[in-house]
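Heads up: the protein sequence lines correspond to chains Z and R, in order.
Mapped onto the numbering used here, the consecutive letters of the first sequence carry residue numbers 1 to 274.
Mapped onto the numbering used here, the consecutive letters of the second sequence carry residue numbers 275 to 602.
Contents: one structure, followed by commentary.
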Amino acid sequence: MRLSRTIPFLLFLGLPLGCEENTDSLDLPYRERLVIEGIIVPGPLRGAVRVARTFPLTANNQVIEGTVLDALVFLRYGDTTRQLHLNRERSLYDNDSIIVTAGNTYTLLVDWNGKHAQATTRVPSPPLMDTVYVARRNMNDSVLYTAEALLNPRADEAYDASWIFHTLTSGGRDSAIYLDFSQAPLVAEDAAADGRIHFLFAFRTTSVVHDTLQFNCTSFDRAYYDFYISRGDPEFSGVPTYSYFEGPVRWNVQGEGVGLFYGASNSHLKVPLP
Amino acid sequence: MQRSWDASAFLQDEWRVTGAFSLNAGARINSMQDGSFTDLEPRLALSCRILDNVTLSAAYAVAHQYLHLVVRNDISFPTDIWVQSGDGILPSSTEQVSAGIQLDFRGELLRVEAYHKSLKNLYEYRDMAEITAGVPTSANFTSGTGEAYGGELFVEKKLGPLTGWVGYTLAWTTRTFPELNNGQTFFPHYDKRHDVTLVVLYRVDEAWDLGATWTYASGETYTLPAGLFFYGLPQERGRYYLDYPDRNGYRLPPFHKLDVSANHSFTWFGLSFRLSMDIYNVYNRQNPFARYIKYEEVGPAFAKYSYPYLKQLTLFPILPSFGLRCTF
Numbered sequence: 001m002r003l004s005r006t007i008p009f010l011l012f013l014g015l016p017l018g019c020e021e022n023t024d025s026l027d028l029p030y031r032e033r034l035v036i037e038g039i040i041v042p043g044p045l046r047g048a049v050r051v052a053r054t055f056p057l058t059a060n061n062q063v064i065e066g067t068v069l070d071a072l073v074f075l076r077y078g079d080t081t082r083q084l085h086l087n088r089e090r091s092l093y094d095n096d097s098i099i100v101t102a103g104n105t106y107t108l109l110v111d112w113n114g115k116h117a118q119a120t121t122r123v124p125s126p127p128l129m130d131t132v133y134v135a136r137r138n139m140n141d142s143v144l145y146t147a148e149a150l151l152n153p154r155a156d157e158a159y160d161a162s163w164i165f166h167t168l169t170s171g172g173r174d175s176a177i178y179l180d181f182s183q184a185p186l187v188a189e190d191a192a193a194d195g196r197i198h199f200l201f202a203f204r205t206t207s208v209v210h211d212t213l214q215f216n217c218t219s220f221d222r223a224y225y226d227f228y229i230s231r232g233d234p235e236f237s238g239v240p241t242y243s244y245f246e247g248p249v250r251w252n253v254q255g256e257g258v259g260l261f262y263g264a265s266n267s268h269l270k271v272p273l274p
Numbered sequence: 275m276q277r278s279w280d281a282s283a284f285l286q287d288e289w290r291v292t293g294a295f296s297l298n299a300g301a302r303i304n305s306m307q308d309g310s311f312t313d314l315e316p317r318l319a320l321s322c323r324i325l326d327n328v329t330l331s332a333a334y335a336v337a338h339q340y341l342h343l344v345v346r347n348d349i350s351f352p353t354d355i356w357v358q359s360g361d362g363i364l365p366s367s368t369e370q371v372s373a374g375i376q377l378d379f380r381g382e383l384l385r386v387e388a389y390h391k392s393l394k395n396l397y398e399y400r401d402m403a404e405i406t407a408g409v410p411t412s413a414n415f416t417s418g419t420g421e422a423y424g425g426e427l428f429v430e431k432k433l434g435p436l437t438g439w440v441g442y443t444l445a446w447t448t449r450t451f452p453e454l455n456n457g458q459t460f461f462p463h464y465d466k467r468h469d470v471t472l473v474v475l476y477r478v479d480e481a482w483d484l485g486a487t488w489t490y491a492s493g494e495t496y497t498l499p500a501g502l503f504f505y506g507l508p509q510e511r512g513r514y515y516l517d518y519p520d521r522n523g524y525r526l527p528p529f530h531k532l533d534v535s536a537n538h539s540f541t542w543f544g545l546s547f548r549l550s551m552d553i554y555n556v557y558n559r560q561n562p563f564a565r566y567i568k569y570e571e572v573g574p575a576f577a578k579y580s581y582p583y584l585k586q587l588t589l590f591p592i593l594p595s596f597g598l599r600c601t602f
């Protein structure tokens with residue numbers, strides 16, 4: 001039997017296996033699209049919709065808002081389609097003769113510069129708040145208020161909360177202190193075993209003159225939650241510090257546009273402070 | 275790390291119905307993870323020789339896969355992982371039909387084939403998936419369907435000092451995920467419209483043989499933002515966002531390269547030697563691996579700002595290599 005062995009000799013010339021090539025001679029892609037910011041709440045439709053446009057990526061070092069003031073904006077609900085008009089003072093589109101109703105579905109239609117975009121939302125009913133518990137604990141030099149609000153969530157909605165201390169001044173005026181903890185909105189999946197969402201609150205104050213504590217809650221179309229969760233760091237603002245890693249956010253505007261159009265409803269419960 | 279087991283049984287029968295017509299039928303049953311998933315995979319292949327050197331063929335097959343290649347399409351860099359079925363992830367399944375014709379002449383072969391494949395239970399990352407400790411990876415996945423179809427042409431020369439083959443594939447691959455790309459169908463990373471391979475081998479004499487391979491493939495798709503905008507919700511301060519109109523809306527330039535080789539066989543001191551010289555990517559094509567936007571600080575020191583550049587990562591320039599093999 002012939003014994004055969006193979007001895008490989010491989011000589012590689014010293015060339016790099018990979019490299020990063022700067023292709024800045026290539027144009028960065030740009031496609032102008034509509035930007036839509038819209039929120040509708042029950043009642044007359046006021047200051048509801050902002051329309052803007054996108055800019056090339058190279059415009060990132062400038063303060064750009066790109067508000068579009070000559071768009072055609074319509075709101076469709078049921079068999080009715082109504083036009084929204086520009087409120088020049090606020091650069092927003094609205095029409096206060098349209099009365100938005102909780103539980104109804106609305107479609108926003110925007111046309112500008114040959115581009116068409118649309119989005120649909122349902123205006124949720126006001127949140128179903130159950131109970132607000134408040135407790136007071138006297139500390140050495142302050143008072144600690146703790147509170148818990150219970151809410152019965154509905155599917156396809158998200159909830160955001162804020163708290164307000166009210167004080168009736170000697171002149172009979174209501175003085176309010178708003179406390180917004182900027183928490184991420186909660187959804188039905190966040191409910192406790194009892195099926196309710198528990199909003200917790202703790203506030204330490206040296207002032208003990210407050211009379212009532214108000215729990216404010218807003219219900220949103222679920223699209224708002226999807227946007228909020230997908231966009232990443234909620235604290236971020238100002239000049240962008242993007243890298244390639246930043247990916248798409250979940251918007252609900254369709255067509256040649258981007259943005260969010262969502263319904264919201266508010267309700268509150270006021271309880272006397274112990 | 276994930277562990278699992280699977281078991282399968284297979285039954286197949288080759289039946290030559292007539293001298294020219296044959297049929298191959300079979301079925302496979304797979305079971306995975308204590309029987310959590312049990313799937314039957316029937317398959318059928320028909321072959322009919324209509325002339326001495328012309329054969330028609332057709333096939334149908336169903337297949338299941340318990341390992342999923344999950345592709346992250348929302349960022350520019352290829353970021354793929356393999357995950358197994360279970361924990362809310364269903365086995366992916368495909369149903370494929372194909373038909374073809376083969377012409378087999380003396381020393382030359384020509385084959386043309388067309389296929390269609392439908393795919394179910396495919397998984398991808400959700401947009402802006404958050405990879406966080408304690409959050410199951412599958413929580414970042416969303417499921418959808420896919421389709422692949424196209425045709426293949428294969429020509430081969432098998433005899434003589436000059437041999438070789440050329441293969442060409444024209445293909446479309448699509449994905450549809452309700453939660454991705456606004457529910458619109460998109461092309462995944464690996465969708466390649468054209469794929470060509472040309473292989474030529476030339477035997478000069480007993481001592482020398484030469485070879486060349488040229489490959490060409492349409493560029494892969496990738497995602498890039500197409501704009502920038504300011505968005506400010508009433509509840510908070512505004513910020514800038516990147517606009518991604520389409521998932522995988524851009525395509526890298528085509529990939530192509532030529533590799534050549536020369537081999538010389540000789541005897542030295544009674545030992546057989548074979549010297550080989552290969553050059554990978556002869557014309558040093560800068561084939562892109564990925565493109566992405568990178569922000570760099572520009573401007574004077576007192577007023578620096580971020581400016582975006584389109585970067586391209588390329589791999590494997592021209593690579594000569596030499597080899598010497600000794601047989602004793």
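The C-beta atom is built at its ideal place from N, Cα and C for all residues, glycine as well.
In this text, all values refer to a predicted model and were calculated from it rather than measured experimentally.
{"Asked": "For A564(R) and L589(R), the rounded distance between their alpha carbons", "Found": "9 Å"}
{"Asked": "Of the residues G424(R), Y496(R), I363(R) and P574(R), the one placed nearest T416(R), counting alpha carbons only", "Found": "I363(R)"}
{"Asked": "Whole-number beta carbon distance between S392(R) and E369(R), since they are thought to touch under 8 Å", "Found": "5 Å"}
{"Asked": "Any chain R beta carbon closer than 8 Å to G259(Z)", "Found": "yes"}
{"Asked": "Residue-level contact to chain Z via CB, I567(R), 8 Å cutoff", "Found": "yes"}
{"Asked": "The beta strand (DSSP E) enclosing A486(R), as first and last residue numbers", "Found": "W482 to A491"}
{"Asked": "Among D156(Z), S162(Z), T205(Z) and R53(Z), nearest to L144(Z) - alpha-carbon criterion", "Found": "T205(Z)"}
{"Asked": "Exposure of G38(Z), with buried meaning 16 or more beta-carbon neighbours within 10 Å", "Found": "buried"}
{"Asked": "Residue ranges of each beta strand (DSSP E) within the segment 83-116 of chain Z, 3 or longer", "Found": "92-100 and 105-112"}
{"Asked": "Exposure of A138(Z), with buried meaning 16 or more beta-carbon neighbours within 10 Å", "Found": "Note that residue 138(Z) is Asn in the sequence shown here, rather than Ala. Per the 10 Å Cβ criterion, exposed."}
{"Asked": "Closest by C-alpha distance to H463(R), when choosing among W488(R), T447(R) and E570(R)", "Found": "T447(R)"}
{"Asked": "DSSP beta-bridge partners of N304(R)", "Found": "S282(R) and D313(R)"}
{"Asked": "Minimum C-alpha distance to V344(R) - residue among Y583(R), Q358(R), H338(R) and V336(R)", "Found": "Q358(R)"}
{"Asked": "Alpha-carbon to alpha-carbon, G523(R) and W163(Z)", "Found": "45 Å"}
{"Asked": "Interface flag, V249(Z) vs chain B, CB-CB below 8 Å", "Found": "The structure shown contains no chain B; the protein chains it does contain are Z and R."}
{"Asked": "Integer-rounded CB distance, given that D313(R) should sit under 8 Å from N304(R)", "Found": "5 Å"}
{"Asked": "CB contact check: I177(Z) to chain R, cutoff 8 Å", "Found": "no"}
{"Asked": "Anticipated Cβ contact below 8 Å, L26(Z) with P582(R), distance rounded", "Found": "12 Å between Cβ atoms; not a contact."}
{"Asked": "CA nearest to the CA of Y603(R), picked from A373(R), S278(R) and P562(R)", "Found": "The structure shown has nothing for residue 603(R), since chain R only spans 275 to 602."}
{"Asked": "Where the alpha helix (DSSP H) containing I229(Z) begins and where it ends", "Found": "R222 to S230"}
{"Asked": "is_contact[Y133(Z), chain R] using C-beta, thresh 8 Å", "Found": "no"}
{"Asked": "Whole beta strand (DSSP E) elements within the segment 390-441 of chain R, 3-residue minimum", "Found": "415-431"}
{"Asked": "T588(R) in three-state terms, based on DSSP", "Found": "strand"}
{"Asked": "CA-to-CA distance, N558(R) to G544(R), given in whole angstroms", "Found": "39 Å"}
{"Asked": "E494(R) (DSSP reduced to helix, strand or coil)", "Found": "coil"}
{"Asked": "Backbone CA spacing between Y228(Z) and F220(Z) [nearest angstrom]", "Found": "11 Å"}
{"Asked": "G257(Z) to L109(Z) span [Cα, whole Å]", "Found": "11 Å"}
{"Asked": "For N522(R), the three-state DSSP class (helix, strand or coil)", "Found": "coil"}
{"Asked": "Chain R contact for V35(Z) (CB, 8 Å cutoff)", "Found": "yes"}
{"Asked": "Nearest neighbour of A135(Z), chosen from S125(Z), A149(Z) and R122(Z) [CA to CA]", "Found": "A149(Z)"}
{"Asked": "Start-to-end residues for the beta strand (DSSP E) that takes in I363(R)", "Found": "Neither: I363(R) is in no beta strand (DSSP E) and is coded neither H nor E."}
{"Asked": "Three-way DSSP call (helix, strand, coil) for A294(R) in this model", "Found": "coil"}
{"Asked": "Integer-rounded CB distance, given that F547(R) should sit under 8 Å from R477(R)", "Found": "Rounded, the Cβ-Cβ distance is 18 Å, inconsistent with contact."}
{"Asked": "Where W112(Z) falls, given that 16 or more other Cβ within 10 Å makes a residue buried", "Found": "buried"}
{"Asked": "Rounded C-alpha distance that separates Y334(R) from E382(R)", "Found": "27 Å"}
{"Asked": "DSSP-derived helix/strand/coil call for G457(R)", "Found": "helix"}
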